[in-house]
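For the sequence shown, the numbering used here assigns the number 1346 to the initial residue and increments by one for each residue that follows. Positions of the beta carbon are idealized from the N, C-alpha and C atoms, including for glycine.
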Amino acid sequence: MNSPTIAALFRPFRIKSLDLKNRIVMAPMTRSFSPDGVPGENVAAYYQRRAESEVGLILSEGTVIDRPASKNEPKIPFFHGDKSLAGWKRVIEGVHAAGGKMGPQIWHVGAVKSFMTEWEPAVPVESPSGLVAPGQPRGKAMSDEDIADTITAYGRAAAEAKRLGFDVVEIHGAHGYLIDQFFWAGTNKRTDRFGGATLKERSRFASEVVRSVRRAVGPDYPVILRLSQWKQQDFTFRLTESPQAMADWLVPLVEAGVDVLHCSQRRFWEPEFPEIDGEAGLNFAGWAKKLTGAATISVGSVGLTGDFVNAFGGESSEPASLQNLVNRLERDEFDLIAVGRALLSDPQWVKKVRQGDRGALKGFTPAALTELV
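Below is the structure:
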């Protein structure tokens, strides 16, 4: 950790109105500590601790838009309604008081059921075609009116983020949730303009969401879109198998108004197309930046030995080397790196890394999922 190359993590970064003191992002992680959708003082203190410890940009846990079945757990926070928004106002005030920057991740889970709880919404879940995975019905297919209202709800949530003083907004379009269900041919069987045989056609819903958000926040406010090839319904699935197919997917989203692509992988060091540039080749975020020219965030098991997916099965992880990450940042393969479980367990992680205090870094245990450290 004392290597001078660690400085690559601590270079400032600017995009539009957002100025960051380093390249480290706190990844969005569902916490479910907001009864009735309202984040309380404990949630505000949780985020403020990360800001006090020099996280460059904090992205909140997923916060649901104003749709009846947008959440899949009872204590997921809302990003709508007076009480919930007042709670988020306290959060961002605390983060700013500590010198931090933050954005909410706005979210709709679609037909995905939580694997942490048996809770069910009081209304039918909605998705492009009433499917949670290929061949697996759940809930209802969205009507034209449902789709229009959902697109508008994303825009309203983004407008509230800007009004409350957040520095950026992130749209959750990954991991098999609603937007991703539109991308995926196996869950999008629509025959209208929101379906289609190609990924580019099935991306229309996402593009409309991005345009709604962009109209709501104006031209200078940064918009992030989180994407993944893999789905929680199928860890091995890939939406694209070539750079050209990836460009067909991502370029229209950037043209619609995305400033930063947040490219989720299970393991950030794995090459996206090793058949082209080898086992040390560009990862998802690297290819996304190369193909679109947009800024990118990489993420996936940063700073720990174990795969983050295995954490939900009870697996612990120990601190791991950051040298591969630093090397990629030095090459400007991507612009920012999101850290999940390491920051979940240890609010001081960034400060310890900057000081070279590797021995003080904490590992991750699943107990961290049950409390706000």
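- The segment 1587-1672 contains, as complete alpha helix (DSSP H) runs of 4+ residues, the segments 1588-1601, 1619-1622, 1629-1637 and 1653-1656 (chain order).
- Residue pairing from DSSP places Leu-1476 in a beta bridge opposite Pro-1482.
- Cβ-Cβ distances below 8 Å link Val-1599 to Leu-1606, Thr-1637, Gly-1638 and Ala-1639 in the same chain, with the five nearest sequence neighbours on each side left out; the list follows chain order.
- In the three-state scheme derived from DSSP, where H, G and I count as helix and E and B as strand, Ala-1683 is classed as strand.
- When rounded, the separation of the alpha-carbon atoms in His-1520 and Gly-1444 is 31 Å.
- Secondary structure at Pro-1711: helix, using DSSP grouped into helix, strand and coil.
- Judged by beta-carbon spacing, Asp-1491 lies within the 9 Å limit of Glu-1471, meaning their Cβ atoms are closer than that value.
- Glu-1515 and Asp-1489 have their C-alpha atoms roughly 24 Å apart.
- Looking at the DSSP output, Met-1371 sits in a beta bridge with Ile-1403 and Val-1684.
- In chain order, Ile-1516, Val-1568, Leu-1570, Leu-1598, Ala-1601, Gly-1602 and Val-1603 place their CB closer than 8 Å to the CB of Val-1555, counting only its own chain and leaving out the 5 sequence neighbours on each side.
- Counting the other Cβ atoms within 10 Å of the Cβ of Gly-1510 gives fewer than 16, which makes it exposed.
- For Gly-1426, there is no enclosing alpha helix (DSSP H), as DSSP marks it with neither H nor E.
- Between Pro-1619 and Ala-1625, the alpha-carbon positions lie close to 8 Å from each other.
- Put simply, the backbone Cα of Asn-1672 is about 28 Å away from that of Gly-1518.
- A straight line joining the alpha-carbon of Gly-1455 with that of Pro-1419 spans about 15 Å.
- The bridge partners DSSP lists for His-1517 are Arg-1571.
- With contact defined as three or more Cβ pairs closer than 8 Å, the segment 1374-1390 and the segment 1692-1708 are not in contact.
- DSSP, reduced to helix, strand and coil, places Ile-1410 outside both helices and strands of the structure shown, so it counts as coil.
- As for any alpha helix (DSSP H) of minimum length 4 sitting wholly inside the segment 1533-1566, the runs are 1544-1547 and 1549-1562, ordered along the chain.
- Pro-1422 and Pro-1664 have their C-alpha atoms roughly 30 Å apart.
- By the 16-neighbour rule on beta-carbons within 10 angstroms, Ala-1478 is buried.
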